[in-house]
Amino acid sequence: MMFMDRWRPLAQDGLLAAVMAILLSVIVFYTPNAGALDFAAVLAGSLALVAWRRAPLVALLVSTACMLVVTAHIQPGLPAAFPVMVSVFAAVGAGHRLAGALASLAFLGTDLVIHLPGVDGPVKDLQNTALLIGWFVAAGVAATVTRHRQAYLEEAEQRAAEAERTREEAARRRAGEERLRIARELHDSLTHSISIIKVQAGVAVHLARRRGEDVPPALLAIQEASGDAMRELRATLEVLRDPGGSDCETPASGLDRLDDLVERARSTGLPATVTISGARRELPAEVDRAAYRIVQEALTNVSRHAGGAAATVRIDYADEELIVQVDDGGTADPDAPPVPGTGLLGMRERVAALGGRLRAEPRPEGGFTVRAELPLGEPS
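209 is the number that our numbering gives to position 208 of the sequence shown; each next residue is one higher, with no gaps.
Structure representation (structure tokens):
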């Protein structure tokens, strides 16, 4: 398609030049006293129109000179002006108004000088010259209008592009301001609360060990979870404050921390197993984070809604996608539609942003399943 678009103007110009050459050659053939020089001048002047778009001054010079030779020698009439008018239109349209005016004056002056002393009646010849003047003026006006219209369209496109850039910059600025506002709110609210939970859990663990008591697993889970939450919150704040940063001091969670995530779920009393199939390899950062978050949210939902049922986490490293599936053996009704919540909504948004598919629904044999298929790209 691009090839056709590139060569179509050249084919059109070639067709115009060929038609002009044939027309003028026929006129020269039936004109008495025409010779080889006239045929050569007609062909050269017509074929020069092939370059009227790319080299308008060259086309103007060649066509005008050749048609002046033909007009002065055999006086072929009005058709001899056609190549010159096309070249004048091209030159004026390209901004060479002086060159177009000089070529027009040269051709019209030559035609006027040749026909003034004619014995057939100078009035008729002057009428032809006046007609030619009208044609040349029309060609110049049409070229000027076309040039101004093209300039207007280009200016309008530039204004539209500038307006679009301005809108994009304003949108990026507003997004940056909103990210900073969210970062401040998160820092002022969640950071303080999570810090208190972490400190209090640490104190409770310390006191229990100091008294020689067994530390409850739930308390250890709270201590570890609060530490992870603080770490991930810091990573989130770094991203919000510097979204274009290449590296964060605190790396985001990925499947390399899957075992810790499952172990933490077990410490809360949730029986959980992990099955990994396929060749484990480096994943694109967004896919890695999304897979971790999907497992995290699914295990959280099992703890909340499945009444202590066992959970099975399956990670399948396929050739072109990563499959993440979390099943539980709860008592979910297979005929009941899942109740949409922010957790499921967040999972769907993550998967959709990566071009993947998510299925979250009750299983026919009971329980609930979450299955995400994440396409793989180049690791980032």
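The beta carbon of each residue, even a glycine, is placed where N, CA and C say it ideally should be.
Continuous alpha helix (DSSP H) stretch holding residue i: start and end
{"i": "Pro-218", "result": "218-242"}
{"i": "Asp-289", "result": "286-306"}
{"i": "Asp-189", "result": "Asp-189 -> no alpha helix (DSSP H), and no H or E assigned at all."}
{"i": "Arg-265", "result": "259-268"}
{"i": "Thr-32", "result": "It is not in any alpha helix (DSSP H) - Thr-32 carries neither H nor E in the DSSP assignment."}
{"i": "Glu-350", "result": "343-354"}
Beta-carbon proximity check, residue i vs residue j, cutoff 7 Å
{"i": "His-74", "j": "Asp-112", "result": "no"}
{"i": "Ala-176", "j": "Arg-242", "result": "no"}
{"i": "Gly-78", "j": "Ala-92", "result": "no"}
{"i": "Phe-83", "j": "Ser-105", "result": "no"}
{"i": "Ala-42", "j": "Val-20", "result": "no"}
{"i": "Ala-66", "j": "Ala-49", "result": "no"}
{"i": "Val-87", "j": "Phe-108", "result": "no"}
{"i": "Val-89", "j": "Ala-140", "result": "yes"}
{"i": "Thr-147", "j": "Gly-110", "result": "no"}
{"i": "Ser-383", "j": "Leu-345", "result": "The structure shown does not extend to residue 383, since the chain spans only 2 to 381, so no value can be given for it."}
{"i": "Arg-355", "j": "Met-348", "result": "Arg is not the amino acid found at residue 355; the sequence shown has Leu there. No."}
{"i": "Val-51", "j": "Gly-15", "result": "yes"}
{"i": "Leu-58", "j": "His-97", "result": "yes"}
{"i": "Gly-331", "j": "Ala-310", "result": "yes"}
Backbone CA spacing between residue i and residue j [nearest angstrom]
{"i": "Val-120", "j": "Leu-154", "result": "Model confidence at Val-120 stands at a pLDDT of 47, short of 50, so the residue's coordinates are unreliable; what they give is reported in the following sentence. Whole-angstrom Cα-Cα distance: 52 Å."}
{"i": "Tyr-293", "j": "Arg-174", "result": "31 Å"}
{"i": "Gln-224", "j": "Glu-287", "result": "28 Å"}
{"i": "Ala-384", "j": "Gln-13", "result": "Any answer about residue 384 is impossible in this case: the structure gives the chain only from 2 up to 381."}
{"i": "Gly-228", "j": "Lys-199", "result": "6 Å"}
{"i": "Leu-17", "j": "Ser-47", "result": "8 Å"}
{"i": "Leu-25", "j": "Glu-165", "result": "51 Å"}
{"i": "Thr-192", "j": "Arg-168", "result": "34 Å"}
{"i": "Leu-1", "j": "Ala-291", "result": "Since the first residue of the chain shown is 2 and the last is 381, residue 1 is not available in this structure."}
{"i": "His-188", "j": "Ser-196", "result": "11 Å"}
{"i": "Tyr-31", "j": "Arg-54", "result": "31 Å"}
{"i": "Leu-220", "j": "Ala-226", "result": "10 Å"}
{"i": "Ala-37", "j": "Asn-129", "result": "27 Å"}
{"i": "Ala-202", "j": "His-306", "result": "25 Å"}
{"i": "Glu-186", "j": "Ala-353", "result": "27 Å"}
{"i": "Glu-163", "j": "Ala-172", "result": "14 Å"}
{"i": "Arg-265", "j": "Gln-297", "result": "10 Å"}
{"i": "Glu-158", "j": "Ala-144", "result": "21 Å"}
{"i": "Arg-364", "j": "Val-263", "result": "22 Å"}
{"i": "Glu-366", "j": "Thr-276", "result": "20 Å"}
{"i": "Glu-214", "j": "Ser-194", "result": "27 Å"}
{"i": "Val-240", "j": "Pro-10", "result": "51 Å"}
{"i": "Thr-251", "j": "Arg-282", "result": "For Thr-251, the pLDDT reaches just 49, beneath the cut-off of 50, and the residue's location in the model is therefore unreliable, leaving the point undetermined."}
{"i": "Glu-156", "j": "Gln-76", "result": "45 Å"}
{"i": "Ser-247", "j": "Trp-8", "result": "Confidence at Ser-247 is low in this model, with a pLDDT of 48, below 50, so its placement is unreliable and the value that follows should be read with caution. One C-alpha to the other measures close to 45 Å."}
{"i": "Phe-4", "j": "Ala-56", "result": "Residue placement at Phe-4 cannot be trusted, given a pLDDT of 49 that sits under 50; what the coordinates show is reported in the next sentence. Spanning the two alpha carbons is a distance of roughly 21 Å."}
{"i": "Asp-218", "j": "Ala-230", "result": "Checking the sequence, you will find Pro at residue 218 rather than Asp. Approximately 18 Å between the Cα atoms of the pair."}
{"i": "Glu-350", "j": "Glu-179", "result": "20 Å"}
{"i": "Arg-182", "j": "Ser-254", "result": "24 Å"}
{"i": "Leu-103", "j": "Pro-33", "result": "30 Å"}
{"i": "Asp-289", "j": "Arg-150", "result": "54 Å"}
{"i": "Asp-261", "j": "Glu-374", "result": "23 Å"}
{"i": "Ala-299", "j": "Val-204", "result": "30 Å"}
{"i": "Met-68", "j": "Ala-152", "result": "32 Å"}
{"i": "Glu-321", "j": "Thr-343", "result": "29 Å"}
{"i": "Leu-238", "j": "Ser-190", "result": "12 Å"}
{"i": "Pro-80", "j": "Val-142", "result": "20 Å"}
{"i": "Cys-249", "j": "Gly-357", "result": "Confidence at Cys-249 is low in this model, with a pLDDT of 48, below 50, so its placement is unreliable and no value can be given for it."}
{"i": "Leu-99", "j": "Val-27", "result": "33 Å"}
Integer Cβ distance of residue i from residue j, believed to fall under 8 Å
{"i": "Ala-22", "j": "Val-29", "result": "That pair is no contact at about 10 Å."}
{"i": "Thr-313", "j": "Thr-274", "result": "5 Å"}
{"i": "Ala-222", "j": "Ser-268", "result": "4 Å"}
{"i": "Ile-295", "j": "Leu-256", "result": "That pair is no contact at about 10 Å."}
{"i": "Ile-115", "j": "Thr-72", "result": "7 Å"}
{"i": "Leu-323", "j": "Leu-259", "result": "Going by Cβ atoms, the distance from Leu-323 to Leu-259 rounds to 12 Å, so no, they are not a contact pair."}
Range of the contiguous beta strand (DSSP E) that encloses residue i
{"i": "Glu-362", "result": "358-363"}
{"i": "Gln-326", "result": "322-329"}
{"i": "Thr-72", "result": "Not the beta strand (DSSP E): Thr-72 falls in the alpha helix (DSSP H), residues 57-75."}
{"i": "Pro-84", "result": "Note, Pro-84: premise wrong, no beta strand (DSSP E); alpha helix (DSSP H) at 82-94."}
{"i": "Arg-315", "result": "312-318"}
{"i": "Arg-282", "result": "That residue, Arg-282, is in no beta strand (DSSP E); it is neither H nor E in DSSP."}
{"i": "Val-371", "result": "369-376"}
7 Å Cβ cutoff, residue i in contact with chain D
{"i": "Tyr-318", "result": "This model lacks chain D altogether, as it is built from one protein chain only."}
- Task: Say whether the segment 366-375 touches the segment 324-333, bearing in mind that this needs 3 or more beta-carbon pairs closer than 8 Å, one atom from each stretch.
- Result: Contact holds: three or more Cβ-Cβ distances are below 8 Å.
- Using 8 Å as the Cβ pair cut-off and three pairs as the minimum, do the segment 205-221 and the segment 229-238 touch? no
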